[in-house]
Each structure stands twice: as C-alpha cells, then as structure tokens.
Amino acid sequence: MALHLLALTDGPSILMDKPILLFGRHEECDVQLDSKKVSRRHCVLAQVHDYLVVRDLGSTNGVRINGRRVVEGKLRAGDELHVANFKYQVCADSPARKDPSSAARRPEPPADAGTAE
C-alpha cells in the first residue's frame, strides 16, 4: 500500500517512495523543510507494512501525532502528523493533484506518463 503525507499547511506533500525518510533543514535530509522551527535533523519516518513509524531525533519543537507529542509513534491512514510547524495527514491513496513545483523532494520520473487523468 502506497502511503503519502498530504500537507494540511503551507508545506509540501510527501510521497513515501523510500522505506525510511529523514526530515529536517539540513541538505542531506530526504525531506527538507525550510523553517527555523525545524531542526537540522528533526525526525525519521519509516514505512512498515500498512503503517508508518515516526521517531523524533531530539528536535527542539518536536513531533506530534493527532495533537499528542511523541518521541516515537505509529501512524495509520487518517492520522495527523505535526513536524514542528508543518501539519500532514497520512493518506493511503495516490497523492492529490498538486502543482509538481510544490514538492519538497526531488522530482520523480513519471510512472504512467502515457495515461490520461
């Protein structure tokens, strides 16, 4: 099941295209979030079967699941994840149609470039 994080604030939506993603401001992070409230290496998110596991890496502003601050926690479709001031909803379907320029991650090659929407 393909999971993604739908941005509920100004941040970018995130596709879980790797088993583990590192979130933070640092250039080595898989998901770079441009905010002083985000630590250089803020948290990691891993996909395990049909759910995600998030782990805070000692960030200043923390990670919240459904409004509750956690060091580590499990996320399922419908849950909300807060990474500092960025807010996401976990979704199990394909990402909503958005402007590709809003993605936080490197562009991905089109999987079905020949199909019509």
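Numbering (the working numbering), first residue to last: 16 to 132. Note that CB positions come from ideal geometry on N, CA and C, so glycine has one too.
Shown here, Ala22 sits in a strand according to DSSP, grouped into three states. The beta-carbon separation of Gly26 and Leu48, rounded to 6 angstroms, stays under the 8 angstroms limit for a contact. By the CB criterion at 8 angstroms, Val105 and Leu18 fall inside the cutoff. Closest in alpha carbon position to Pro34, among Gln62, His41, Lys51, is Gln62. In this structure, DSSP gives Asp71 an extended state, which the three-state scheme calls strand.
Counted as a single uninterrupted DSSP element, the beta strand (DSSP E) harbouring Lys102 occupies residues 101-106.
Around the C-beta of Gly93, fewer than 16 other C-beta atoms lie within 10 Å, and the residue is accordingly described as exposed.
Here the alpha carbons of Leu72 and Val98 stand approximately 11 angstroms from one another. Nearest to Phe38 by C-alpha distance, out of Ser28, Leu23, Arg55, Val68, is Arg55. Proximity to Thr75 across Val68, Arg84, Glu42 peaks at Arg84, based on C-alpha coordinates.
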